[in-house]
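Residue numbers (full-length UniProt numbering): 1 to 529.
The C-beta atom is built at its ideal place from N, Cα and C for all residues, glycine as well.
Dropping the structure here:
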């Protein structure tokens, strides 16, 4: 807001301000935040200093221009997040040589970047914090803003958590603009749409919902956008926290939104009619909807031969069965339902357990605890030591507990196979879920035997059937049963059999994803020698 002529300039000498003047500065800042006007040119510097103090990266400089000599224009920016070369060469140098008056700086370019008019103090602070350079002049009642943002960033690297042997090797970075550019590189199509949203009252996290216009279901996109807009918080540091606030069942142990750092997985999700949520500051993007079957599809599944991929998927299925049921079956058959074991095997197991101080249940829980400690130690140690410590630790501990008479050799084999089976899960988000289910099934088998295993299985199946992911049944194509989606479940059929998209995202266009018409080879006549 412009100060009245008869009101004294309280900020002429910033170094000699009293407590009363500082209080009046706070009042003025509050009025500026609530109003729609900007302060006078002489007040801009002190007010910005009072707002960002102590901030050594706040730069306020005066540039003399031909049109407003000798007072000049005032430049304000944060040196840590702007391109200093662009500010000096494109903005400051252009102002020094520009004869145009300040109200025409948008028509007579003063920078190669677009010039934006900013009319409120709240927008001034917000653009300044985003890396813009703001220009204040005495003859106008607004400020000019130039986008000179240059955040510290790293180059595009290889994925760290979802490794593959074949296929693309680029991963997302933390910058939202770079993430959008990586998707634009894959889609030379104007149908690729980004819906920007700013979340948080203090952190102001930029989020973009990416989808293919005309393919993605509008109801799905509207639902995602509405859920993002209803989030009310100070800020969040990663995409997982945002996912926990917008997913269908926030208290569920099963993830209903998939996160990935691979660009090719996000590309395939867009082609299936799904939405991709990009979060500034996090290299992991979110994919919605994400039924349970999607967590077992990897990028490698679409880079190899169909028969090899199908074999690997069957191995994953057996790995999941072993990880969930092997310890529970061992406990049930050795403690509760011993009559179901062959006598020779029962005598062998009973002989190995003779003289041991703990029951099989306690042995299993003890070894699970050891495995979890080794896993956490391998994650926290430096990379050069984690592999060695994890391998040596597992061998030494396994051998020591057997020789010490604490755990039977059979239990070592069972828990080792279980731990390896858990790590066959392609997406890390599900690893903790299945470990928890395994613990519950272990306790149920110790109390009820095989009936406990069946009971926990039925509860989990019912729970999965009841879950949804943005309106999509979580247990599809099992429940509801959809035969068309089974072609990319346990067996990945050849590409010529992919005639339609999967129905999980309810795409508007379910036409052929891509197949080739088999053209017979040309008939070559035998030539004379």
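Check, Outcome
"DSSP three-state assignment for residue 403, whether helix, strand or coil", "helix"
"Delimiting residues of the alpha helix (DSSP H) encompassing residue 380", "360-380"
"Inter-residue spacing [alpha-carbon to alpha-carbon] between residue 246 and residue 471", "13 angstroms"
"Whole-angstrom distance between residue 220 and residue 116, CA atom to CA atom", "34 angstroms"
"Where residue 194 sits in the DSSP three-state scheme", "strand"
"Per DSSP, the bridge partner or partners of residue 77", "59"
"Terminal residues of the beta strand (DSSP E) in which residue 115 lies", "115-118"
"Length-filtered (4 minimum) alpha helix (DSSP H) runs lying within the stretch 118-151", "121-129"
"Limits of the unbroken beta strand (DSSP E) element including residue 259", "258-260"
"Contact check, residue 292 vs residue 463, beta carbons under 9 angstroms", "no"
"Inter-residue Cα distance where the pair is residue 176 and residue 444", "46 angstroms"
"Contacting residues, own chain, Cβ-Cβ under 8 angstroms from residue 12 (five flanking each side not counted)", "With a pLDDT of only 42 at residue 12, under 50, the local geometry of the prediction cannot be trusted, and no value is derived from it."
"Straight-line gap, residue 238 to residue 279 (C-alpha atoms, nearest Å)", "7 angstroms"
"Presumed contact (8 angstroms Cβ cut-off) between residue 161 and residue 261, rounded CB distance", "6 angstroms"
"Check whether residue 273 and residue 217 have beta carbons under 9 angstroms apart", "yes"
"First and last residue of the uninterrupted alpha helix (DSSP H) at residue 546", "Any answer about residue 546 is impossible in this case: the structure gives the chain only from 1 up to 529."
"Under 9 angstroms between C-beta atoms of residue 95 and residue 65", "yes"
"Coil, strand or helix - residue 211 by DSSP", "strand"
"Test item: CB-CB of residue 303 and residue 200 under 9 angstroms", "no"
"Run of the beta strand (DSSP E) containing residue 276, from where it starts to where it stops", "275-279"
"Residues near residue 214 by beta carbon distance below 6 angstroms, same chain, minus five either side", "191"
"Other residues of its chain near residue 310: CB distance less than 6 angstroms, five sequence neighbours each side excluded", "491, 492"
"Unbroken beta strand (DSSP E) run spanning residue 415, endpoints", "No beta strand (DSSP E) holds residue 415; the alpha helix (DSSP H) holding it covers 409-422."
"Which of helix, strand or coil DSSP assigns to residue 510", "coil"
"Inter-residue spacing [alpha-carbon to alpha-carbon] between residue 171 and residue 159", "5 angstroms"
"Classification of residue 79 by the beta-carbon crowding that lies within 10 angstroms, buried from 16 upward", "exposed"
"Other residues of its chain near residue 416: CB distance less than 6 angstroms, five sequence neighbours each side excluded", "none"
"Contact set for residue 435: own chain, Cβ-Cβ below 7 angstroms, skip 5 residues either direction", "422"
"Residue span of the alpha helix (DSSP H) that contains residue 219, given as start and end", "218-229"
"Status (buried if at least 16 other CB within 10 Å, exposed otherwise) for residue 376", "exposed"
"For residue 286, the first and last residue of its enclosing beta strand (DSSP E)", "285-288"
"Close-in-space but distant-in-sequence residues of the same chain around residue 437 (CB under 7 angstroms, 5 per side omitted)", "324, 460"
"Proximity of residue 212 and residue 189 at Cβ, strictly below 9 angstroms", "yes"
"Anticipated Cβ contact below 8 angstroms, residue 258 with residue 294, distance rounded", "6 angstroms"
"Which of helix, strand or coil DSSP assigns to residue 247", "coil"
"7 angstroms CB neighbourhood of residue 494 in its chain, flanking five on each side removed", "306"
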